[in-house]
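Engineer:
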Amino acid sequence: MKNQYIYHSGKILPLSRDNVDTDQIIPKQFLKSIKKSGFGPNLFDAWRYEDVGYPGQDNENRPKNDSFVLNQDKYKGADILISKKNFGCGSSREHAVWSLMDYGFKVVIAESFADIFYNNCFNNGLLPVQLPEEIISQLFVLSEENKEIEIDLIEQIISCEGNKLTSFDIDPFRKQCILEGLDEIGLSLKHAEAIKEYELNRSKVAPWVFNAYE
Amino acid sequence: MPKTLYDKLWDSHQVAERGDGTFLLYIDRHLIHEVTSPQAFEGLKIAGREPWRISSNIATPDHNVPTTDREKGIEGILDEVAKLQVKTLDKNCSDLGILQFDILDKRQGIVHVVGPEQGVTLPGMTLVCGDSHTSTHGALATLAMGIGTSEVEHVLATQCLKASKLRNMKVVIDGELSPGVTPKDVTLAVIGKIGTAGGTGFAIEYSGSVIEAMSIEGRMTVCNMSIEAGARVGLVAFDNITEEYVKNRPFTPKGDEWELALSQWIELRSDDDAHFEEIIYIDGSALKPQVTWGTSPEMVIDVDGEIPEANSESIQHALEYMNLEAGMKISDIKLDQVFIGSCTNSRIEDLRLAAKVVEGKKISSDIKRAIVVPGSGLVAEQAVEEGLDKIFVESGFEWRAPGCSMCLAMNPDQLGDGEHCASTSNRNFEGRQGYGGRTHLVSPATAAASAIEGRFVDVRELF
Chain A
820 MKNQYIYHSG
830 KILPLSRDNV
840 DTDQIIPKQF
850 LKSIKKSGFG
860 PNLFDAWRYE
870 DVGYPGQDNE
880 NRPKNDSFVL
890 NQDKYKGADI
900 LISKKNFGCG
910 SSREHAVWSL
920 MDYGFKVVIA
930 ESFADIFYNN
940 CFNNGLLPVQ
950 LPEEIISQLF
960 VLSEENKEIE
970 IDLIEQIISC
980 EGNKLTSFDI
990 DPFRKQCILE
1000 GLDEIGLSLK
1010 HAEAIKEYEL
1020 NRSKVAPWVF
1030 NAYE
Chain B
15 MPKTLYDKLW
25 DSHQVAERGD
35 GTFLLYIDRH
45 LIHEVTSPQA
55 FEGLKIAGRE
65 PWRISSNIAT
75 PDHNVPTTDR
85 EKGIEGILDE
95 VAKLQVKTLD
105 KNCSDLGILQ
115 FDILDKRQGI
125 VHVVGPEQGV
135 TLPGMTLVCG
145 DSHTSTHGAL
155 ATLAMGIGTS
165 EVEHVLATQC
175 LKASKLRNMK
185 VVIDGELSPG
195 VTPKDVTLAV
205 IGKIGTAGGT
215 GFAIEYSGSV
225 IEAMSIEGRM
235 TVCNMSIEAG
245 ARVGLVAFDN
255 ITEEYVKNRP
265 FTPKGDEWEL
275 ALSQWIELRS
285 DDDAHFEEII
295 YIDGSALKPQ
305 VTWGTSPEMV
315 IDVDGEIPEA
325 NSESIQHALE
335 YMNLEAGMKI
345 SDIKLDQVFI
355 GSCTNSRIED
365 LRLAAKVVEG
375 KKISSDIKRA
385 IVVPGSGLVA
395 EQAVEEGLDK
405 IFVESGFEWR
415 APGCSMCLAM
425 NPDQLGDGEH
435 CASTSNRNFE
445 GRQGYGGRTH
455 LVSPATAAAS
465 AIEGRFVDVR
475 ELF
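Sequences listed follow chains A and B, in order. 820 is the number of the first residue of the first sequence in my numbering; add one for each residue after it. 15 is the number of the first residue of the second sequence in my numbering; add one for each residue after it.
Written out as structure tokens, the structure is:
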């Protein structure tokens, strides 16, 4: 189900890279699952552990890469991820969003996002926030200082210790969907009559589209 | 008002405005594979919903299937988790009556090879699939895009995609390609020029004399990697080459319907004065074979180029991961494996090209493994008929059964830690082809020639 939050406060995990791809967020061997849950322990698996991960293993006892931010005590409990350009590029795997959420991330902030990943976020209630490079740089400094930031989705404001850092843009409808956890399919099905009408017309114009299987 | 090809396809499929600035776009075809569909089918079931139009859906398993021992069918999948996923696709398709080319069907293959091959993908259609390389199908003047699993469920339930209109970008590739320079080199050069986020938010239409002269297979290679430039949609206008390709395929309309279809398809091109927000020009005559050196497809250089200086954190990371140093020549890279396959380069034309390069030669003794994975059972059948499999096997390649294979290495075909691979696939991300694996994206011609030498060579010397 969708997250239903309007105000979130948390620590920041800094991932100082461009082009963080969905293969890094959740490597392919974990995509064999037919579920949406349980991906958290394998989030960023190849960067996070020093051995090769496989599904169903005991992740607690695996050797960890101490230099990776996710493993550093300083960032324990951080649930706001910040990164740079083109976050979530590559494969369309929605498992990337499921992994981030299963791990506990509530918000992902980046200079830019890949299109499919960005849509996948909203379809699961993970808030993606796009901000200019100079604000991202400030957030990296705040994460270094281990500060908490507050994200007010209603007012579309990010602040730190009560001081406003920036406002951010978000599509009003998508904002509503995240706030209220709306059922996208249900909303689209309100247009069922229009879909049927379109279909009837298209079947006259392009009947081959509607041919039954060979 | 003059329209682009993308505008025309969009306009002819717009069903309704949802009142939030997004639209419902009618989906003519929905392709399904085992990895991104199980959660969508489950979601549908939990909500008590039925698929809107069963015959719009066509499925085939590709990501997880092994490329050896295929006569064993699903039982040949040794990984129990992967086996369950393929079985789940079987069950969902049979429960709902969705047509599937299953693991034992000779029409099975990589979903993006199978769709066009069967005529399931047709000009003027909208097509989606839970896979980012769905942009491939744009080569047939089809509005095709990759979607996530929630969207797969949405399309199953409503026959529509919730979408916002993309902006229009035109990439013009003029001139004429030199012998040995291929569509793969074209697409890598485009990505090198505009970057992996250069096409974000855009539909890219490819045009110019190079594209006009290109086969549909080649156009598919170019459209396929649009997503590596950030664009969900790649397109090429309909022309005689498209018509010839589409004609007489199993799902292609016949008789009067064919004539009706043709009369509509000839309109599938951008109007002369249509507006593009961005236009990129590339001189096709000046293009050289391309090789990626790093961990993002934009980290690409000419085959005779040098590894760049580490002037950013990303480049530094990439150099370390790839174990390369600035100033090295591409030809200094020693190769361990060679992979010819993937939805980018596993069609018959790709195999013919690679076979021509290796015919009568042996792969280098430094190469630990070189595999050819045809894109579908029918591509394999055609290749065998032409004797290509023999040419590959005689030169030391392994001839495998169809699937995604080492492109993403979900099946047993993987790189070892630290191994360098010349790969005709589409992504050189860290670990993509196996934990610690180092991928170099190249054309089938370059991959084949490099297998012979054990290091990268300028394939133009052979043509």
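C-beta: ideal position from N, C-alpha, C; glycine also.
(1) Considering only C-alpha positions, which residue in the set A/ILE976, A/SER852 and A/ALA1013 is nearest to A/ASP988?
(2) What number of angstroms, rounded off, separates the C-alpha of A/SER918 from the C-alpha of B/LYS348?
(3) In chain B, which residues lie with their C-beta within 7 Å of the C-beta of A/ASP840?
(4) How long is the line joining the alpha carbons of A/TYR868 and A/SER886, rounded to whole angstroms?
(5) Check the Cβ-Cβ distances between B/THR214 and every residue of chain A, and say whether any is below 8 Å.
(6) How far does the alpha helix (DSSP H) with A/ILE844 in it reach, from first residue to last?
(7) How close, in whole Å, do the beta carbons of B/VAL387 and B/GLY355 come, if the pair is a contact with beta carbons under 8 Å?
(8) In chain B, which residues lie less than 8 Å from A/ILE1014 when you measure between Cβ atoms?
(9) Since B/LEU118 and B/GLY87 are thought to touch, with beta carbons under 8 Å apart, how far apart are those beta carbons, to the nearest angstrom?
(10) Can you confirm whether B/HIS331, when its beta carbon is compared against all beta carbons of chain A, has any partner nearer than 8 Å?
(11) Could you pull the DSSP bridge partners for B/GLY160 from this structure?
(12) For A/GLN843 and chain B, any beta-carbon pair shorter than 8 Å?
(13) Please state whether DSSP places B/GLN278 in a helix, a strand or coil.
(14) What three-state label does DSSP hand A/TYR826 in the structure shown?
(15) For the 8 Å Cβ check, are there 3 or more pairs between the stretch 933 to 946 of chain A and the stretch 864 to 884 of chain A?
(16) Considering only their Cβ atoms, is the gap separating B/SER284 from B/LEU493 smaller than 8 Å?
(17) Using beta-carbon positions only, say whether A/ILE1014 and B/GLN173 come within less than 8 Å of one another.
(18) Going by DSSP in three states, B/TRP413 sits in which element: helix, strand or coil?
(19) So, does the stretch 66 to 84 of chain B touch the stretch 183 to 196 of chain B, judging by three or more C-beta pairs under 8 Å?
(20) Assuming A/GLY857 and A/ASP864 form a contact by the criterion Cβ under 8 Å, report the distance between their Cβ atoms to the nearest whole angstrom.
(21) Tell me the DSSP secondary structure of B/LYS348 in three-state form.
(22) Verify whether the separation of the beta carbon atoms of B/PRO458 and B/LEU367 is less than 8 Å.
(23) Quick one: Cα of B/ASN12 to Cα of B/PRO197, how far?
(24) Does the count of Cβ pairs from the stretch 909 to 916 of chain A and the stretch 882 to 901 of chain A closer than 8 Å reach three?
(25) Given that B/MET424 touches chain A, what residues does it touch there, using C-beta distances under 9 Å?
(26) Could you give the residue range of the beta strand (DSSP E) that holds B/TYR295?
(27) Distance check for B/GLN330 and A/GLU963, CA to CA, integer angstroms please.
(28) Taking only beta-carbon positions, decide if B/THR156 is within less than 8 Å of chain A.
(29) Taking 8 Å as the CB-CB cut-off, is A/GLY909 touching chain B?
(30) Going by DSSP, what residue range makes up the beta strand (DSSP E) through B/GLY248?
(31) Which first and last residues belong to the alpha helix (DSSP H) in which B/HIS27 is found?
(32) So, helix, strand or coil for B/ALA153, using DSSP?
(33) Using 8 Å as the threshold, is the C-beta distance between A/ILE825 and A/LEU958 below it?
(34) How many angstroms separate the CA atom of B/GLU64 from the CA atom of B/LEU110?
(35) CA-CA distance, B/THR460 and B/VAL127?
(36) Between which two residues does the beta strand (DSSP E) carrying A/TYR1017 extend?
Structural biologist: Reading it off the structure:
(1) For this step, residue 988 of chain A is matched to residue 169 along the first sequence. From the listed residues A/ILE976, A/SER852 and A/ALA1013, the smallest Cα separation to A/ASP988 is found for A/ILE976.
(2) What you label residue 918 of chain A is simply residue 99 of the first sequence in a count that begins at 1. What you label residue 348 of chain B is simply residue 334 of the second sequence in a count that begins at 1. In a straight line, the C-alpha of A/SER918 is about 36 Å away from that of B/LYS348.
(3) One-based indexing of the first sequence puts residue 840 of chain A at position 21. By Cβ distance, chain B contributes PHE443.
(4) Taking the first sequence and counting its residues from 1, one reaches residue 868 of chain A at position 49. Taking the first sequence and counting its residues from 1, one reaches residue 886 of chain A at position 67. Cα-Cα distance, rounded: 10 Å.
(5) In the second sequence, counting from the first residue as 1, residue 214 of chain B sits at position 200. It does: the Cβ of B/THR214 has a partner Cβ on chain A nearer than 8 Å.
(6) Taking the first residue of the first sequence as position 1, residue 844 of chain A is located at position 25. From DSSP, the alpha helix (DSSP H) with A/ILE844 extends over 841 to 844.
(7) To locate residue 387 of chain B, count along the second sequence from 1; it is residue 373. To locate residue 355 of chain B, count along the second sequence from 1; it is residue 341. Confirmed, about 3 Å.
(8) Reading the first sequence from its first residue, position 195 is the one you call residue 1014 of chain A. Using a Cβ-Cβ cut-off of 8 Å, A/ILE1014 is close to VAL29, ALA30, LEU38, TYR40, TRP66, THR172, GLN173 and CYS174 of chain B, given in chain order.
(9) Within the second sequence, residue 118 of chain B is the residue found at index 104, counting from 1. Within the second sequence, residue 87 of chain B is the residue found at index 73, counting from 1. Confirmed, about 5 Å.
(10) By one-based count along the second sequence, residue 331 of chain B stands at place 317. At least one chain A Cβ lies under 8 Å of B/HIS331.
(11) Translated into positions along the second sequence, residue 160 of chain B becomes position 146. Its beta-bridge partners are B/CYS143.
(12) Taking the first sequence and counting its residues from 1, the one referred to as residue 843 of chain A is at position 24. Chain B contact via Cβ: present.
(13) What you label residue 278 of chain B is simply residue 264 of the second sequence in a count that begins at 1. Here B/GLN278 sits in helix by DSSP.
(14) For the purposes of this step, residue 826 of chain A is taken as the residue at position 7 of the first sequence. In this structure, A/TYR826 counts as strand in the three-state DSSP scheme.
(15) Cβ pair count under 8 Å is below three, so no.
(16) Coverage of chain B is limited to positions 15 through 477, which leaves residue 493 of chain B absent and any answer about it impossible.
(17) What you label residue 1014 of chain A is simply residue 195 of the first sequence in a count that begins at 1. What you label residue 173 of chain B is simply residue 159 of the second sequence in a count that begins at 1. Taking 8 Å as the Cβ cut-off, A/ILE1014 and B/GLN173 qualify as a contacting pair.
(18) Residue mapping note: residue 413 of chain B aligns to position 399 of the second sequence, counting from 1. If DSSP states are grouped into helix, strand and coil, B/TRP413 belongs with the strands.
(19) Flag = no, the stretch 66 to 84 of chain B and the stretch 183 to 196 of chain B do not touch.
(20) As a first step, residue 857 of chain A is located in the first sequence; it is residue number 38 there, counting from the start. As a first step, residue 864 of chain A is located in the first sequence; it is residue number 45 there, counting from the start. The C-beta separation of A/GLY857 from A/ASP864 comes to about 13 Å, leaving the pair out of contact by the 8 Å criterion.
(21) Counted from its first residue, the second sequence places residue 348 of chain B at position 334. The answer is strand: DSSP assigns B/LYS348 an E or B state.
(22) By 1-based counting over the second sequence, the position of residue 458 of chain B is 444. By 1-based counting over the second sequence, the position of residue 367 of chain B is 353. Going by C-beta atoms, B/PRO458 is nearer than 8 Å to B/LEU367.
(23) Outside the shown range of chain B, which is 15 to 477, sits residue 12 of chain B, and nothing can be said about it.
(24) no
(25) Stepping through the second sequence from its first residue, residue 424 of chain B is reached at position 410. Annotation: Cβ neighbours of B/MET424 in chain A (cutoff 9 Å, chain order): LYS847, GLN848, LEU850 and LYS851.
(26) Stepping through the second sequence from its first residue, residue 295 of chain B is reached at position 281. First-last of the beta strand (DSSP E) with B/TYR295: 292 to 297.
(27) If you number the first sequence from 1, residue 963 of chain A lands on position 144. If you number the second sequence from 1, residue 330 of chain B lands on position 316. Rounded to whole angstroms, A/GLU963 to B/GLN330 spans 21 Å at the Cα level.
(28) Numbered from 1 along the second sequence, position 142 holds the residue referred to as residue 156 of chain B. Judged by the 8 Å Cβ criterion, B/THR156 is not in contact with chain A.
(29) Position 90 of the first sequence, counted from the start, is the residue given in the question as residue 909 of chain A. Yes, because at least one Cβ of chain B sits closer than 8 Å to the Cβ of A/GLY909.
(30) Locating residue 248 of chain B in the second sequence gives position 234, counting from the first residue. Element bounds for B/GLY248: 247 to 249.
(31) Here residue 27 of chain B refers to the residue found at position 13 when the second sequence is read from its first residue. Per DSSP, B/HIS27 belongs to no alpha helix (DSSP H) and is neither H nor E.
(32) As a first step, residue 153 of chain B must be located in the second sequence, where it is residue number 139. In the structure shown, B/ALA153 sits in a helix (DSSP, three-state: H, G or I).
(33) Within the first sequence, numbered from 1, the residue matching residue 825 of chain A stands at position 6. Within the first sequence, numbered from 1, the residue matching residue 958 of chain A stands at position 139. Judged by their CB atoms, A/ILE825 and A/LEU958 are not nearer to each other than the 8 Å cut-off.
(34) Your numbering for residue 64 of chain B matches position 50 in the second sequence. Your numbering for residue 110 of chain B matches position 96 in the second sequence. Cα-Cα distance, rounded: 9 Å.
(35) Along the second sequence, one-based indexing puts residue 460 of chain B at 446. Along the second sequence, one-based indexing puts residue 127 of chain B at 113. Note on geometry: alpha-carbon atoms of B/THR460 and B/VAL127 lie some 21 Å from one another.
(36) Working through the first sequence from its first residue, we reach residue 1017 of chain A at position 198. Segment 1011 to 1024 is the alpha helix (DSSP H) holding A/TYR1017; no beta strand (DSSP E) there.
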